[in-house]
Structure formats: structure tokens, C-alpha cells
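Chemist: Residue numbers (our numbering): 2 to 133.
Heads up, the beta-carbon is just placed ideally off N, CA and C, and yes, glycines get one too.
Just passing along the structure, written as C-alpha cells.
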């Protein structure tokens, strides 16, 4: 619940945990948040959003603080609350996506267990593995 212009409003946000394979990613998404009316199927409250969803962002950037007036939720005659529960649906469409692997650092100036050759480039010596 958020205060917007002095009124209590329902906010909803998308959140994604960091993936194991990729630690930096971003995607352009289109989403529809829908507060489902549990009495009448055609009376849902919805808002559509387009945004760039990034692994480094705060979740607050991926949604709205202003889906609907909180009064709509807590008033049973409105049909959004039933058995002390509300239903919020989100349909997310990924338009574009970019993934980047974790940064891997190697210090090639030092010999390793697998290096068997020294490659000299200018004044730099690089320890590498020569495969035959």
C-alpha cells in the first residue's frame, strides 16, 4: 500500500532474482497488471506498462504505486476481495533481452598449471597453453 496524493493506493511490482548463469541482464518488457474481480469476470482493474527491466534496478522501477484505490480492495461489495484474499495477475511479454556472462578474470602474466608456453607481445609476456 502506498500514499499517492494523500490517498491509500495498491501498488504492484515485478521482481526477479539473479540467475545463476548470468549475473548481468536486461530486457524490454510489456506487462499488464490485473486486479481480478472475483464476482464479475469482465470487471478487472488493469494497467499496462512498458519498461526496461534490468538486473541492477530496484524493483520499485518495475511496476506501479497506483494500481487502484485501496478502498476498492477492502470493500466486499466491489468484488475484489473474497475469503480475505485478492487475486492479482501479471502478464509479461519480453520484447528484447540481453544477457551477459559473469565477468571472468584471468591474470595471464603469471604461469598457471595448464600453461606450457610463453607468448611475447611487445614487452608483455603471456603464459598460455600450446595445443598440438
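(1) Are the Cβ atoms of residue 65 and residue 12 separated by less than 9 Å?
(2) Please work out which residues of its chain come closer than 8 Å, Cβ to Cβ, to residue 121, disregarding the five sequence neighbours upstream and downstream, and give them in chain order.
(3) In the DSSP assignment, find the unbroken beta strand (DSSP E) run with residue 46 in it and report its ends.
(4) Buried or exposed for residue 16, please, with buried defined as at least 16 other CB atoms from any protein chain shown within 10 angstroms of its CB.
(5) Rounding to the nearest angstrom, what Cα-Cα distance links residue 44 and residue 87 in this structure?
(6) Output yes or no for whether 9 Å exceeds the beta carbon distance between residue 32 and residue 92.
Modeler: To lay it out plainly:
(1) Residue 65 sits at position 64 when you count from the first residue of the chain shown. Residue 12 sits at position 11 when you count from the first residue of the chain shown. Closer than 9 Å, so yes.
(2) Counted from its first residue, the chain shown places residue 121 at position 120. If we look at residue 121 and ignore the five residues flanking it on each side, its Cβ neighbours are 127.
(3) Taking the chain shown and counting its residues from 1, the one referred to as residue 46 is at position 45. Per DSSP, residue 46 belongs to the beta strand (DSSP E) from 46 to 55.
(4) As a working note, residue 16 is residue 15 in the chain shown. Per the 10 Å Cβ criterion, exposed.
(5) As a first step, residue 44 must be located in the chain shown, where it is residue number 43. As a first step, residue 87 must be located in the chain shown, where it is residue number 86. For residue 44 and residue 87, the distance between alpha carbons rounds to 14 Å.
(6) Walking along the chain shown from the start, residue 32 turns up at place 31. Walking along the chain shown from the start, residue 92 turns up at place 91. Yes. Within cutoff.
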